[in-house]
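J.:
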Amino acid sequence: MPNFEGTWKMKSSLNFEELLKALASLQHLLMTTAAAAGRSVSWRKKKRDYNQSLATWETGTKIYCKQTLLSGDGPKTFWSRELKGEELELIFGADEVVCTRIYVRA
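Given below as structure tokens:
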């Protein structure tokens, strides 16, 4: 199992502003994340709740999770984390918008 622990410094970011625009309808979004891989994550927002199953391992170095909107309207969202050598790749999606951020250990 890959080691995601530690301090990471952003190396690059692609489409982050576009992702924020796609998520604009999710004002007051609060994200609670679990430190350990494989734990569930909950998204809460006024009048909308996202729920998701546990994140699943797609490969030995990549974990993926898709959020399910329980009520109301909003984008279909997902995230993944993958260790690629000494880099950590985070991908976030909202409908058709995909944001990719690359990190290196600090």
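Residue numbers are given in the UniProt record's numbering: position 63 of the sequence shown equals residue 63, and the series is strictly consecutive. For every residue, glycine included, the Cβ atom is placed at its ideal position computed from N, Cα and C. Since the structure is predicted, the reported quantities are computational estimates derived from the model, not experimental observations.
Give every residue of the same chain whose Cβ lies closer than 6 Å to the Cβ of T100, excluding the five residues on either side of it in the sequence, and list them in chain order.
T.: Translated into positions along the sequence shown, residue 100 becomes position 100. If we look at T100 and ignore the five residues flanking it on each side, its Cβ neighbours are L14 and I91.
J.: Measure the alpha-carbon distance for E87 versus E17 and round it to whole angstroms.
T.: For the purposes of this step, residue 87 is identified with residue 87 of the sequence shown, where counting begins at 1. For the purposes of this step, residue 17 is identified with residue 17 of the sequence shown, where counting begins at 1. Their backbone Cα atoms lie some 22 Å apart in a straight line.
J.: Rounded to whole angstroms, what is the Cα-Cα separation between K9 and V104?
T.: For the purposes of this step, residue 9 is taken as the residue at position 9 of the sequence shown. For the purposes of this step, residue 104 is taken as the residue at position 104 of the sequence shown. Answer to the nearest angstrom: the Cα atoms are 5 Å apart.
J.: Express the C-alpha separation of L20 and T68 in angstroms, rounding to a whole number.
T.: Counting from 1 along the sequence shown, the entry for residue 68 is found at position 68. Counting from 1 along the sequence shown, the entry for residue 20 is found at position 20. T68 and L20: Cα-Cα distance of roughly 18 Å.
J.: With 16 as the cutoff for other CB atoms within 10 Å, does T56 come out buried or exposed?
T.: By 1-based counting over the sequence shown, the position of residue 56 is 56. Burial state of T56 is exposed, judged by a 10 Å Cβ sphere holding fewer than 16 other Cβ atoms.
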